[in-house]
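Chemist:
Protein chains: 2
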Amino acid sequence: MLVNGKLGNLISVRDRGLLYGDGVFRTLRVSGGRALYWPQHYQKLRHDCAMLGIACPDISLLSAELNGLLEQFPDAVMKLIVTRGEGARGYAPPVHIQPTYLWDISPLPDYPAAWAEKGIKACFCQLRLGHQPRLAGIKHLNRLENVLAAAEWDDKNIAEGLLMDVAGNVIEGTRSNLFVVAGGRLITPDLSRCGVAGVQRDRVISWAKQHNMPMHIRDISLEEIQQADELFVASSIIGLWPVREIEQNLWIEFPVCSQIRQSLEGADS
Amino acid sequence: MLVNGKLGNLISVRDRGLLYGDGVFRTLRVSGGRALYWPQHYQKLRHDCAMLGIACPDISLLSAELNGLLEQFPDAVMKLIVTRGEGARGYAPPVHIQPTYLWDISPLPDYPAAWAEKGIKACFCQLRLGHQPRLAGIKHLNRLENVLAAAEWDDKNIAEGLLMDVAGNVIEGTRSNLFVVAGGRLITPDLSRCGVAGVQRDRVISWAKQHNMPMHIRDISLEEIQQADELFVASSIIGLWPVREIEQNLWIEFPVCSQIRQSLEGADS
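This is the structure:
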C-alpha cells in the first residue's frame, strides 16, 4: 500500500477523508499486469475531484505509482483514494491544502464463473437512495447508504442488491450500475439525483452507440424492471452479470448481455 | 490524541471510517477541566452507533480516557470518533469487527464575544440537504453536504450558513441547530428526514419544557424565518448565538435567546 507516494498503510486522523468523507475513489481491476480502463478511471477521478473542489494529483504521478504496483501485484483489486487532505478543524475546506492520495491492494474476488454466464440472484434493498444533485454520480467517500443497503441481506447466493430512490425509481446495485434490455433497446437509470456513474457503465453506453443499439438514460420504474427482456449489472470489478432471479421474477436467456459482455471482455484482453 | 486507547494520530487506510464514512462522532467543549454535557454526548454517541449497527465502546472505557485527557487539556475542543472498524473490502459490514475509537484535541475557537451577545451575521446556503430518513439526525461521518455548504462563503463576518432541504424547509446551520422564537413560542426544525440533532438542541428543548415555554418541533418555512421575533443557532461548541442579520432581515433584540443562553451557561458553570 502507498500513502502519498510512500509505502505505508496509515493516514492521519485529521485527514478530511476520515473526518467528513471529503474525498473520492476508484476501484481498478488489475489483470495480467494491466489496470483495466485506467485512462477512463483517471478521467472520472479528475472529474469527481473537480466537482468537490479537490486538487487531483496529475495523471503522470499516479500512473507512475500504478506502474510500480502492477509489477508487484499483476492480478489484484487496486483502490485509489484521493482526499482533500489533512486540515484544521471545521467543515470549510482550507485554501491551502495538499490532497492525500493512496493505493490499497486486495486480492481479486473469486466470484463463481456461473454468475457472469448464467446470471445472478439479486434482491431489492429496502433502503431508498436520497436525492442530492450536488453529489449524484460522484464516487465519493460518503457511502453510508451503500453500507446500510449491503447490510440488508446475508444470503451468500444473492450476489447484488438493487437500490431504488426516494421517488421509487430503480437506480443501481449497491456496487454496480444497472441496465435494462427492452424491445431491442438498452436503458440505464438517470444518475443526476443519486447513484454513482461507473466506468463500466460508460463502456456499455459507448458500446451501444458503436453498435447502433438504441440507448436511453432515464428514470426506470419497478414495473419496467419486472417486465424487462433482460437485466444486468455492471462494474469494473465484476464486468457484467445478468440477473437471473429477483424476487418472483425469473429470466433464463441473456442474449444481449452475453453479446455485450463478450465484446467488452474481448476488448479487455 | 488517542487512537484505540494508545497515544497516536494515525489510523489504518482500511478503516471503514475513511473508506465509507462508516462511523459517528461527537464534538465536546472542554472548559476548566470539565467536558460539558459528557453524559448527554455519550448517550447520543451510543444512539447513533446503534442506528448504524456499530458496537459503541462502553461509557466506562471512554470516560476513563476522557478524564485522562481533561487533566492534560483543561480547555479544548475534543472530537470523539467511533468507526465500525477496520475490515476487508466491501460495503457489507463484517460480522466480527472491532470498532475504532479515537480522540482528537483542538484549541477552543476564539469567536468574538459579541456574537453571543449582539448576534451574528448569517447567510443562506445554496446547497439543499437531501432527504435520507435512515441517516437523519445522526452525527455520522458522511458530511460532504456540510463541506460543500461551508465552502459557499468566505466572508469572515458571516458566522454561520443556514441550510434548507430539497423541499425548501429551513433545517439547521452548517454546524449548529436552529431555533425560531415567534409569538412567545420556540420552534425548531423536524430532523426526521435530514439534519443532525445536537446535544445543545436537546438542552434548549428541555429548558423550554422546564420553563413552560411552548416548544414545537416541525417544518419551518423561509417565510417563518424572515418573520421570526428572534432566531438563534445552537451547538455544544458555540453555545447559543442569536442571528442579527441574514440577507435583508435584521434583528436588534434577543430577549428570549439571551434568557435561555444565560440560564444554560449558568448550568454549565
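Quick mapping for you: the protein sequence lines, in order, are chains A and B.
Heads up, the first sequence is in our numbering, so the first residue is 1 and it goes up one at a time.
Heads up, the second sequence is in our numbering, so the first residue is 1001 and it goes up one at a time.
Built from N, CA and C at the ideal position, the CB exists for glycine as well.
Just so we're clear, the structure is a prediction, and the values are computed from it rather than from any experiment.
Using the Cβ count rule (16 or more neighbours within 10 Å means buried), how would you classify A:P57?
Modeler: The residue given as residue 57 of chain A occupies position 57 in the first sequence. By the 10 Å Cβ count, A:P57 comes out buried.
Chemist: Taking the beta strand (DSSP E) that B:D1165 falls in, what are its first and last residues?
Modeler: Stepping through the second sequence from its first residue, residue 1165 of chain B is reached at position 165. Element bounds for B:D1165: 1158 to 1165.
Chemist: List, in order along the chain, the chain A residues whose C-beta lies closer than 7 angstroms to that of B:M1001?
Modeler: Within the second sequence, residue 1001 of chain B is the residue found at index 1, counting from 1. Ordered by position in chain A, the residues that pass the 7 angstroms Cβ test against B:M1001 are V13.
Chemist: Using a Cβ-Cβ cutoff of less than 6 angstroms, which residues in the same chain neighbour B:A1150 once the five nearest sequence positions on both sides are dropped?
Modeler: What you label residue 1150 of chain B is simply residue 150 of the second sequence in a count that begins at 1. Closer than 6 angstroms at the Cβ level, and outside the excluded window around B:A1150, lie T1174.
Chemist: Under the rule that 16 or more other beta-carbon atoms within 10 Å means buried, what is A:V95, buried or exposed?
Modeler: Taking the first residue of the first sequence as position 1, residue 95 of chain A is located at position 95. Classification for A:V95: exposed.
Chemist: Just checking, does the stretch 1031 to 1048 of chain B make contact with the stretch 1193 to 1206 of chain B on the three C-beta pairs under 8 angstroms criterion?
Modeler: These segments touch.
Chemist: Which value, in whole angstroms, describes the spacing of the CA atoms of B:G1266 and B:E1117?
Modeler: By one-based count along the second sequence, residue 1266 of chain B stands at place 266. By one-based count along the second sequence, residue 1117 of chain B stands at place 117. Roughly 15 angstroms separates the two Cα atoms.
Chemist: Residues bridged to B:A1121 by DSSP?
Modeler: Working through the second sequence from its first residue, we reach residue 1121 of chain B at position 121. For the record, residue 1121 of chain B in the displayed sequence is Lys; it is not Ala. In the DSSP assignment, the residues bridged to B:K1121 are B:I1158, B:E1245.
Chemist: Determine, using beta-carbon pairs with one atom in the stretch 1219 to 1236 of chain B and one in the stretch 1180 to 1197 of chain B, whether at least three such pairs fall under 8 angstroms.
Modeler: Touching, yes.
Chemist: Would the stretch 1004 to 1013 of chain B count as touching the stretch 1106 to 1114 of chain B if we require 3 or more Cβ pairs under 8 angstroms?
Modeler: no
Chemist: Would you verify that the beta carbon of B:C1270 is, or is not, closer than 9 angstroms to some beta carbon of chain A?
Modeler: Nothing about residue 1270 of chain B can be read from this structure; chain B reaches only from 1001 to 1269.
Chemist: Could you give the DSSP three-state label for B:I1225: helix, strand or coil?
Modeler: Your numbering for residue 1225 of chain B matches position 225 in the second sequence. Residue state, collapsed to three classes: helix.
Chemist: Comparing C-alpha positions only, which one of B:V1030, B:L1144, B:H1047 sits nearest to B:I1238?
Modeler: The residue given as residue 1238 of chain B occupies position 238 in the second sequence. Out of B:V1030, B:L1144, B:H1047, B:V1030 has the C-alpha closest to the C-alpha of B:I1238.
Chemist: Please state the DSSP three-state secondary structure of B:E1253.
Modeler: Taking the first residue of the second sequence as position 1, residue 1253 of chain B is located at position 253. Three-state DSSP puts B:E1253 in coil, outside helix and strand.
Chemist: Opposite A:D15 in the DSSP bridges: which residues?
Modeler: Locating residue 15 of chain A in the first sequence gives position 15, where the first residue counts as 1. A:E86, per the DSSP bridge assignment.
Chemist: Does A:N261 come out as helix, strand or coil in the three-state DSSP assignment?
Modeler: In the first sequence, counting from the first residue as 1, residue 261 of chain A sits at position 261. Per the sequence shown, the amino acid found at residue 261 of chain A is Arg instead of Asn. Three-state DSSP puts A:R261 in a helix.
Chemist: If the cut is a Cβ gap below 9 angstroms, which residues of chain B does A:V77 touch?
Modeler: In the first sequence, counting from the first residue as 1, residue 77 of chain A sits at position 77. Correct list: R1089.
Chemist: For A:R244 and chain B, any beta-carbon pair shorter than 9 angstroms?
Modeler: Counted from its first residue, the first sequence places residue 244 of chain A at position 244. It does not: the Cβ of A:R244 has no partner Cβ on chain B nearer than 9 angstroms.
Chemist: Pull up the distance between the alpha-carbon of B:V1199 and that of B:L1028, whole angstroms please.
Modeler: If you number the second sequence from 1, residue 1199 of chain B lands on position 199. If you number the second sequence from 1, residue 1028 of chain B lands on position 28. Distance between the alpha carbons of B:V1199 and B:L1028: 10 angstroms.
Chemist: What are the boundary residues of the beta strand (DSSP E) that includes A:M215?
Modeler: Stepping through the first sequence from its first residue, residue 215 of chain A is reached at position 215. Counting along the chain, the beta strand (DSSP E) containing A:M215 begins and ends at 215 to 218.
Chemist: Output yes or no for whether 9 angstroms exceeds the beta carbon distance between A:H140 and A:L61.
Modeler: Counting from 1 along the first sequence, the entry for residue 140 of chain A is found at position 140. Counting from 1 along the first sequence, the entry for residue 61 of chain A is found at position 61. In this structure, the beta-carbon distance from A:H140 to A:L61 does not fall below 9 angstroms.
Chemist: Which runs of the alpha helix (DSSP H) at least 4 residues long sit entirely within the stretch 1159 to 1213 of chain B? Give them in chain order.
Modeler: 1199 to 1210
Chemist: Would a check of beta-carbon distances place B:L1163 closer than 9 angstroms to chain A?
Modeler: Counted from its first residue, the second sequence places residue 1163 of chain B at position 163. Chain A, which has no Cβ nearer than 9 angstroms to the Cβ of B:L1163, makes this no.
Chemist: Mind checking who A:D104 pairs with in its DSSP beta bridge?
Modeler: Against the first sequence, residue 104 of chain A aligns to sequence position 104. Beta-bridge pairing links A:D104 to A:K79.
Chemist: Rounded to whole angstroms, what's the CA-CA distance from B:Q1210 to B:H1216? Just pull it up for me.
Modeler: As a working note, residue 1210 of chain B is residue 210 in the second sequence. As a working note, residue 1216 of chain B is residue 216 in the second sequence. Between B:Q1210 and B:H1216, the alpha-carbon positions lie close to 14 angstroms from each other.
Chemist: B:G1023 lies in the beta strand (DSSP E); which residues open and close that run?
Modeler: The count along the second sequence starts at 1 and reaches residue 1023 of chain B at position 23. 1023 to 1031 is the span of the beta strand (DSSP E), which, as asked, contains B:G1023.
Chemist: Evaluate contact between the stretch 163 to 171 of chain A and the stretch 1154 to 1162 of chain B, counting only Cβ atoms and requiring at least three cross-stretch pairs below 8 angstroms.
Modeler: no
Chemist: Taking the alpha carbon of B:L1222 as the point to measure from, which residue in B:Q1262, B:A1208, B:C1125, B:A1159 has its own alpha carbon closest?
Modeler: As a first step, residue 1222 of chain B must be located in the second sequence, where it is residue number 222. Here the closest residue by C-alpha is B:C1125.
Chemist: Straight-line CA distance for B:D1048 to B:A1092?
Modeler: Position 48 of the second sequence, counted from the start, is the residue given in the question as residue 1048 of chain B. Position 92 of the second sequence, counted from the start, is the residue given in the question as residue 1092 of chain B. About 18 angstroms.
Chemist: Flag A:G130 as yes if its beta-carbon sits less than 9 angstroms from any beta-carbon of chain B, otherwise no.
Modeler: Taking the first sequence and counting its residues from 1, the one referred to as residue 130 of chain A is at position 130. Judged by the 9 angstroms Cβ criterion, A:G130 is in contact with chain B.
Chemist: Could you tell me how far apart the beta carbons of A:E160 and A:I120 are, in whole angstroms, since I believe they sit closer than 8 angstroms?
Modeler: Taking the first residue of the first sequence as 1, we reach residue 160 of chain A at position 160. Taking the first residue of the first sequence as 1, we reach residue 120 of chain A at position 120. With a Cβ gap of about 6 angstroms, A:E160 and A:I120 count as contacting.
Chemist: In the DSSP assignment, find the alpha helix (DSSP H) that holds A:L36 and state where it starts and stops.
Modeler: Position 36 of the first sequence, counting from 1, holds the residue named residue 36 of chain A. Unbroken run through A:L36: none, as it is neither H nor E.
Chemist: Pull up the CB-CB distance for A:L129 and A:L163, whole angstroms please, since I reckon it's below 8 angstroms.
Modeler: Here residue 129 of chain A is taken as the residue at index 129 of the first sequence, counted from 1. Here residue 163 of chain A is taken as the residue at index 163 of the first sequence, counted from 1. That belief holds up - the Cβ atoms of A:L129 and A:L163 are roughly 5 angstroms apart, short of 8 angstroms.
Chemist: Using only alpha-carbon positions, find the residue among B:L1045, B:G1087, B:D1022 that is nearest to B:S1063.
Modeler: Mapped onto the second sequence, residue 1063 of chain B falls at position 63. For the residues B:L1045, B:G1087, B:D1022, the minimum Cα distance to B:S1063 belongs to B:L1045.
Chemist: Quick check: is the beta carbon of B:F1025 nearer than 9 angstroms to any beta carbon in chain A?
Modeler: To locate residue 1025 of chain B, count along the second sequence from 1; it is residue 25. Yes, contact with chain A.
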